[in-house]
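For the sequence shown, the numbering used here begins at 302 and goes up steadily by one.
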Amino acid sequence: MTFATDLRLAAGLQTDRFGAWLLRQFGDPAGELTRPRAGDSPYPYFARLRAQAPLVRSKAGLWTTARHSTANSILRDRRFGVRDTQNRSSAGTIATALEGLDLDPFMGVDPPVHTRMRGLMNPSFSPSANTTYRPRIERIVTEVLDKAQRQGSFDLVRDFAQPIPLLVIADVLGVPERHRERLGWCAMRVGLVTDQLNGVAKIRELRTLLVELKELFATLIAERKAEGVEDKPTDMIGSLLLAATKQDVPLSEMQALLVTALIAGSENSVNVMGNAVNALLDHPGEWARLKDDPALSANALEETMRFDSSTLMVPRLTHQEVEIEGHVLPPDTPVLVLLAAANHDPEVFPEPERFDITRANAAEHLTFTAGRYFCIGAPLSRLEGEIALRALVERMPNLRRTGQPVFRRSAAFRGLTGMPVAA
């Protein structure tokens with residue numbers, strides 16, 4: 302992109318921020334929901350939105366829902382998508398900033414492209430694939446905890462919540478060990494830069510990071526292809542090369558899918574694990590309950606995703622006229638689905654502000670969304686989170702904070718960037 306384009310994008314970001322600030326002054330949802338948060342709870346505001354109506358309209362034309370039933374209905378309704386009727390991404394300025402990089406899957410695509418992309422990724426992320434991943438994840442968790450335990454005092458995010466998902470997704474993708482440290486750094490930096498996309502420098506950094514990742518995957522694909530295509534691949538690069546022998550799968554498409562899988566497969570899991578331990582240490586009774594019965598780790602993870610969702614919201618656009626909750630929404634109407642708010646709906650989750658790792662319906666949360674856009678990596682995220690949380694509580698039953706948790710500053714995501722602890 303040219304410098305003039307960079308400046309235009311930066312000006313657009315400034316205009317968006319000023320517009321959001323102005324809307325906040327009038328108490329408008331579009332203003333409040335785009336306000337970056339850094340640890341302050343969004344749930345009191347979500348509760349006020351939920352009490353107003355199933356669908357609440359902003360003066361800017363944005364509709365939003367904080368109710369579980371409405372959110373679940375929209376997520377499963379095929380009349381809604383992630384792009385408008387002109388195939389423009391709901392990612393807005395970020396999508397414009399990444400023009401020319403051939404990374405549509407990273408920003409979200411609709412059928413039939415979405416169906417094709419998901420089919421190519423499915424062999425690596427299906428629930429059945431988890432049976433082969435379990436021993437590999439257990440080995441990674443053991444190695445990470447061995448290192449942390451030798452330190453005694455460590456940072457929960459840097460030394461536990463980050464390395465496990467990054468090493469797991471690198472293994473699933475088929476990234477050799479020599480590239481994993483750099484790949485992991487790039488993946489985490491992409492998330493942080495996206496949170497802070499507020500000027501020319503950040504736009505350039507984001508593009509540079511994504512270009513580096515694309516080039517790395519191009520190199521790995523070429524190396525693997527030269528070695529010969531496997532009949533029964535055990536990683537995503539191998540699966541894509543095998544698929545390319547049966548259908549047309551361009552290199553740019555493989556790169557986009559691998560970058561998307563890397564970012565989505567690491568960032569969310571890092572946030573989930575950090576939020577889980579933070580919530581457990583905030584509730585000593587629940588930590589004690591998990592110590593007494595480590596088998597509760599799977600449900601504790603589900604309750605964390607309900608109680609302190611890593612993804613606060615997702616955008617949707619109507620593909621046609623939709624009548625819902627007494628309103629008629631024309632084509633291309635933007636709707637913000639508040640996943641975290643839905644996860645605190647008392648109609649579905651009694652006493653939603655109570656953290657209870659034995660909650661019977663905790664898994665009914667919408668953190669992974671629902672319908673055809675349901676997170677393809679959810680089974681893997683659940684497996685690695687369950688294994689990691691169980692190992693942590695078994696090996697470090699006296700884990701305690703030695704400093705305050707530090708939250709990422711983001712409007713759409715909730716997670717930690719640091720939390721000092723001691724075993």
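Every residue, glycine too, gets a C-beta built ideally from N, C-alpha and C.
Host alpha helix (DSSP H) of R617 (start-end) = In the DSSP assignment, R617 falls outside any alpha helix (DSSP H) and lies within the beta strand (DSSP E) extending over V615 to T619.
In whole angstroms, what separates the C-alpha of H666 from that of F518?
-> Across the structure, H666 and F518 are spaced so that their CA atoms are roughly 34 angstroms apart.
Of the choices G586, A724, R349 and R709, whose alpha-carbon is the least far from that of V494?
-> For V494, the nearest C-alpha among the options comes from R709.
Inter-residue Cα distance where the pair is S342 and L637 | If I take the Cα positions, the gap works out to 18 angstroms.
Where do the ends of the alpha helix (DSSP H) carrying G719 lie?
-> G719 -> not in any alpha helix (DSSP H); beta strand (DSSP E) instead, spanning L717 to G719.
Considering F455, what are the terminal residues of the beta strand (DSSP E) in which it resides?
-> Taken as a continuous stretch (DSSP letters only), the beta strand (DSSP E) holding F455 covers S454 to D456.
Count the other C-beta atoms from every protein chain shown that fall within 10 angstroms of the C-beta of P345, then say buried if there are 16 or more, exposed otherwise.
-> For P345, the number of other beta carbons within 10 angstroms of its own is below 16, and it is reported as exposed.
Go ahead and pull the three-state DSSP assignment for V414.
-> Taken through DSSP and simplified to helix, strand or coil, V414 comes out as helix.
Label F675 either buried or exposed according to how many other C-beta atoms from any shown protein chain fall within 10 Å of its C-beta, with 16 as the threshold for buried.
-> Classification for F675: exposed.
Collapsed DSSP secondary structure at V491 in the structure displayed | Helix.
Apart from the five residues on each side of it in sequence, which residues of its chain come closer than 6 angstroms, Cβ to Cβ, to A321?
-> The residues are G332 and T335.
Helix or strand or just coil, what does DSSP make of L310?
-> Helix at L310.
Exposed or buried, which one is N572 when buried takes at least 16 other CB atoms within 10 Å?
-> It counts as buried.
Could you tell me whether the Cβ atoms of D657 and E603 are closer together than 8 angstroms?
-> Between D657 and E603, the C-beta spacing is not below 8 angstroms.
Assuming L474 and A562 form a contact by the criterion Cβ under 8 angstroms, report the distance between their Cβ atoms to the nearest whole angstrom.
-> Rounded, the Cβ-Cβ distance is 6 angstroms, consistent with contact.
Residues near V442 in its chain [Cβ-Cβ closer than 7 angstroms; skip 5 each side] | Once the five neighbours on either side are set aside, the close Cβ partners of V442 are I465, I688, A689 and A692.
Pick helix, strand or coil for L404, following the three-state DSSP scheme.
-> If DSSP states are grouped into helix, strand and coil, L404 belongs with coil.
Return helix, strand or coil for A596, following the three-state DSSP convention.
-> Correct three-state label for A596: helix.
Run the CB neighbour count on S427, radius 10 Å, all protein chains shown included, and call it buried at 16 or more, exposed below.
-> Around the beta carbon of S427, fewer than 16 other beta carbons lie within 10 angstroms, which makes this residue exposed.
For V469 versus L618, is the C-beta spacing smaller than 8 angstroms?
-> Cβ distance not < 8 angstroms, so V469 and L618 don't count as in contact.
Just to confirm, are T668 and M720 a CB contact at a threshold of 8 angstroms?
-> For the pair T668 and M720, the CB atoms are not nearer than the 8 angstroms cut-off.
How long is the line joining the alpha carbons of P477 and R715, rounded to whole angstroms?
-> Cα to Cα, P477 sits roughly 30 angstroms from R715.
Whose C-alpha, out of D472, V458 and G500, is nearest the C-alpha of T316?
-> The residue from D472, V458 and G500 with its alpha-carbon nearest to that of T316 is G500.
On a CA-only basis, which of R702, A671, G627 and L543 is nearest P355? Give me that one, please.
-> Nearest to P355 by alpha-carbon distance, out of R702, A671, G627 and L543, is G627.
Does the region 676–687 come within contact of the region 537–550, defined as at least 3 CB pairs closer than 8 angstroms?
-> Segments in contact, no.
Outcome for F455 when other beta-carbon atoms lying within 10 angstroms are tallied against a minimum of 16 = Buried, since its Cβ has 16 or more Cβ neighbours within 10 Å.
Is it buried or exposed for Q326, if we count other Cβ within 10 angstroms and need 16 for buried?
-> The residue is exposed, with fewer than 16 neighbouring Cβ atoms inside 10 Å.
Would you kindly report the start and end of the unbroken beta strand (DSSP E) that includes T365?
-> Residues W364 to T366.
Proximity of R351 and A641 at Cβ, strictly below 8 angstroms | No.
Contained beta strand (DSSP E) runs [length at least 3] in the region 440–483, N- to C-terminal order = Listed in chain order, the complete beta strand (DSSP E) runs (minimum 3 residues) inside the region 440–483 are 454–456.
Beta strand (DSSP E) containing E687: first to last residue?
-> Taken as a continuous stretch (DSSP letters only), E687 belongs to no beta strand (DSSP E), being part of the alpha helix (DSSP H) at A679 to R696.
Return the chain-ordered list of same chain residues with a C-beta closer than 6 angstroms to the C-beta of Q463, the five sequence neighbours on each side being excluded.
-> V571.
Taking A361 as the reference, give the member of H369, G678, L323 and A339 with the closest Cα.
-> Selection H369, G678, L323 and A339 evaluated against A361 yields L323 as nearest (Cα-Cα).
Report yes or no: do the region 498–515 and the region 394–410 share at least 3 C-beta pairs separated by less than 8 angstroms?
-> Inter-segment contact for the region 498–515 and the region 394–410 is present: three or more beta-carbon pairs are separated by less than 8 angstroms.
Top-ranked residue by Cα proximity to P698, from L552, N662 and V578 | The residue among L552, N662 and V578 with its C-alpha nearest the C-alpha of P698 is V578.
Spell out a yes or no on whether the region 409–428 and the region 437–453 are touching, meaning 3 or more CB-CB pairs, one atom from each, closer than 8 angstroms.
-> No, the region 409–428 does not touch the region 437–453.
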